[in-house]
Amino acid sequence: MQDHKDGAVYEQNGWHPSWRCHVQNYAPIAAAATDLTQQLMFRNNLNGTKLRIRLSNQYGQEPLPIKQIQVRVFHKCSKSSSKESTEKYCALLMDGKEKKILLPGEECMTDPLSISLKPGDFIIVRITFPGKCHISGCCGFHSSDIGKVDFESNGKRIDADKISLAVAKNFSTHVVFGIRSIEVYSTGTPVVLAAFGDSIVQQGYWMGSIQRKFADSMPDWIVYNEGIPGNRVLYDNHSTSDLNPIFGKAGIHRFEKDVFSHSNPDIVMIAEGINELVHPGNGCPISEVVTAKELIEGFKTLCTLTEQRGSIPLLATLSPFLGYDGIWDRKREDVRQEVNEWIRNRPYILDVDACVRSTCDASYLDRQFDSGDHLHLNACAGEVISDEALPILKAIMKKETAA
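One rule links them: number in our numbering = place in the sequence shown (from 1) + 64.
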């Protein structure tokens with residue numbers, strides 16, 4: 065659908081992210097292991113002929129050696145849905161070699177692997193890190209719909225919480241090391257949804273549910289996740305919390321690089337702003353509290369940047385948070401309501417607030433959707449929000465392509 069402006073740094077030659085999550089700075093809760101093998105399995109939703117991986121040691125404080133990368137594809141048999149045919153593991157090379165050392169901060173692309181891919185296929189990626197590893201940058205998420213991750217250390221299976229403090233501290237259920245995205249050379253014209261936001265996006269309960277439902281009934285639709293825990297629209301990470309490095313640069317500062325540097329999304333779902341209301345005075349300086357007008361101006365900036373790239377902004381309303389970490393300030397709730405009212409008058413919106421608020425008091429999350437801290441959503445909320453999102457996404461593309 066799109067014809068982005070000249071000067072964009074991403075590629076427009078058929079490569080699309082079948083799997084992609086944001087690499088976060090997990091230095092405060094890093095991972096360590098010896099002779100680690102990581103296996104990521106996810107469901108592909110693209111027709112394609114080649115595969116490649118964007119490797120990342122973005123926040124690494126030490127070199128990250130890679131001994132081997134292997135890829136395996138499970139093709140569903142056409143005769144029986146209960147059986148599967150499998151391909152053997154294929155080696156993925158890096159500059160023509162099986163081994164590579166990623167320097168701190170380095171990202172690079174593997175060589176393309178010629179392989180037949182179809183929607184519904186399961187892709188398994190095995191990557192082996194030899195010797196002692198200290199890994200401070202990783203993709204973290206909660207929903208297994210985004211991917212299932214297993215680890216071996218010294219040839220024996222090991223639980224993730226034994227190597228990752230992020231998992232041990234329940235900050236993330238799943239972690240993926242060394243991978244930024246897994247890209248497919250598509251023979252079709254995919255619809256690409258980029259999800260930009262904070263921890264509610266990063267956790268993946270509704271992004272993962274959308275991804276699974278795409279794979280169930282909407283081939284050649286893909287979603288990638290650019291959520292960061294603690295991220296704010298207007299302010300860079302500026303907190304007394306030990307997790308401060310994870311929170312990242314302000315949304316308006318990271319937006320173009322994270323959303324557009326390696327892909328060309330058709331729709332950009334913008335779903336953050338809650339941390340603007342819950343962080344000031346609660347780890348961040350109280351002087352950083354925002355007005356509704358300031359937050360709305362931040363959203364306008366993100367929408368303008370999206371439109372300038374030829375993409376469609378889809379704004380999500382802010383879900384309730386009263387009771388989170390001792391926050392009972394009704395002034396902050398008033399700001400949320402004013403911002404949501406502005407969002408509801410935008411051309412394209414996803415009303416997350418209406419999906420998850422309590423029917424007794426709209427200032428609170430409904431208990432059935434509350435993860436337990438009165439702010440973060442659970443898997444049940446993810447199902448409800450994704451059910452709301454899918455017809456909206458279809459309607460956007462139908463209208464925009466007709467135009």
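Ideal Cβ placement from N, Cα and C applies to all residues, glycine included.
| Item | Value |
| --- | --- |
| May I have the straight-line CA-CA distance separating K458 from S273, to the nearest angstrom? | 16 angstroms |
| From K220, I199, F215 and G201, pick the residue whose C-alpha is nearest to that of V189; which is it? | F215 |
| By a C-beta neighbour count over all protein chains shown, 10 Å radius and 16 as the cutoff for buried, is A304 buried or exposed? | Note that residue 304 corresponds to Thr in the displayed sequence, not to Ala. So T304 ends up on the exposed side. |
| Grab me the residues of Y428's own chain with a C-beta within less than 6 angstroms of its C-beta, minus the 5 sequence neighbours each way, in chain order. | P384, L386 and S422 |
| Nearest CA to the CA of E247: which residue from N295, G374, G362 and R118? | R118 |
| Quick one: Cα of N295 to Cα of S435, how far? | 19 angstroms |
| I'd like the list of long-range same chain contacts for I376, defined as Cβ closer than 8 angstroms, with 5 residues on each side in sequence excluded. | D330, I331, V332, T370, Y412, I460 and E464 |
| Please classify G242 as buried or exposed, where buried requires at least 16 other C-beta atoms within 10 Å of its C-beta. | buried |
| Please go through the same chain and pick out, in chain order, the residues whose beta-carbon is closer than 6 angstroms to the beta-carbon of E447, but skip the five residues on each side of it. | S273 |
| Check this for me: beta carbons of S245 and P455, under 8 angstroms apart or not? | no |
| Less than 8 angstroms between the beta carbons of S200 and N89, yes or no? | yes |
| Thinking C-alpha only, which one of D415, K182, P194 and I130 is nearest K163? | I130 |
| Is it buried or exposed for S144, if we count other Cβ within 10 angstroms and need 16 for buried? | Because the pLDDT at S144 is just 46, under 50, the model does not fix this residue reliably, and the point stays unresolved. |
| For the 8 angstroms Cβ check, are there 3 or more pairs between the segment 180 to 187 and the segment 224 to 238? | no |
| In the DSSP assignment, find the beta strand (DSSP E) that holds F215 and state where it starts and stops. | K212 to S217 |
| Just the Cα atoms here: how many angstroms apart are S325 and Y123? | 18 angstroms |
| Within the chosen definition, does the segment 101 to 114 reach the segment 155 to 169 through at least 3 CB pairs nearer than 8 angstroms? | no |
| Between A97 and the rest of its own chain, which residues show a CB-CB distance below 7 angstroms, the 5 nearest in sequence each way excluded? | C197, S217 and I227 |
| Please state the DSSP three-state secondary structure of G195. | strand |
| Counting Cβ pairs closer than 8 angstroms, one from the segment 387 to 405 and one from the segment 333 to 350, do we hit at least three? | yes |
| In or out: D415 buried (at least 16 other Cβ within 10 Å) or exposed? | buried |
| Can you tell me which residues form a DSSP beta bridge with C202? | Q88 and F241 |
| With a 10 Å radius around its C-beta and 16 neighbouring C-beta atoms as the bar for buried, classify Q432 as buried or exposed. | exposed |
| Could you give the residue range of the alpha helix (DSSP H) that holds A443? | A443 to A466 |
| Taking the alpha-carbon positions, what's the V403 to I179 distance? | 47 angstroms |
| Buried or exposed for Q102, going by 16 or more other Cβ atoms inside 10 Å? | buried |
| Please report the residue range of the beta strand (DSSP E) in which V256 lies. | V255 to G261 |
| Would you say P168 and P127 are within 8 angstroms of each other, going by their C-beta atoms? | yes |
| Only counting the same chain, and skipping five residues up and downstream in sequence, which positions put a Cβ closer than 6 angstroms to that of I286? | N109, P254 and V256 |
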